[in-house]
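If you count the sequence shown from 1, you need to add 48 to reach the numbering used here. Every residue gets a Cβ at the ideal spot worked out from N, C-alpha and C, and that includes glycine.
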Amino acid sequence: AATPPTPAALPGKSGGKPYTLPSRAQSNVQVHFSPQVTVQGSGANAAKDINNVLSLSKRELERMINDVMAQQRRREYA
49 AATPPTPAAL
59 PGKSGGKPYT
69 LPSRAQSNVQ
79 VHFSPQVTVQ
89 GSGANAAKDI
99 NNVLSLSKRE
109 LERMINDVMA
119 QQRRREYA
């Protein structure tokens with residue numbers, strides 16, 4: 049019997065291994081979160097704003113990964 053996958057946790061700012069999504073096939077799906085930010089001009093709160101946006105992006109990515117994993121778990125029992 050297959051072990052159900054556990055929810056993915058996003059690595060902290062220090063980086064980490066890529067996200068690996070267990071699949072029903074022999075291979076795994078890997079998701080690399082590596083945003084690139086280009087700032088033009090100057091802004092007093094640019095660094096703070098960028099960090100806020102990146103944090104939101106990581107949370108959205110985590111939600112999408114967990115949704116996919118939940119769908120896979122549901123399909124395993126079908």
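Between the C-alpha atoms of residue i and residue j, what's the straight-line distance to the nearest angstrom?
{"i": "residue 122", "j": "residue 105", "result": "26 Å"}
{"i": "residue 87", "j": "residue 94", "result": "8 Å"}
{"i": "residue 117", "j": "residue 81", "result": "17 Å"}
{"i": "residue 74", "j": "residue 98", "result": "Any reading at residue 74 must be qualified, since the residue scores a pLDDT of 49, below 50, and its modelled position is unreliable; the value itself is stated next. So the alpha carbons of these two residues sit roughly 38 Å apart."}
{"i": "residue 103", "j": "residue 91", "result": "19 Å"}
{"i": "residue 84", "j": "residue 119", "result": "30 Å"}
Using CA atoms only, rank isn't needed, just tell me which of the options is closest to residue i.
{"i": "residue 79", "options": "91, 109, 101, 120", "result": "109"}
Starting from residue i, trace the alpha helix (DSSP H) both ways and give me its first and last residue.
{"i": "residue 101", "result": "94-124"}
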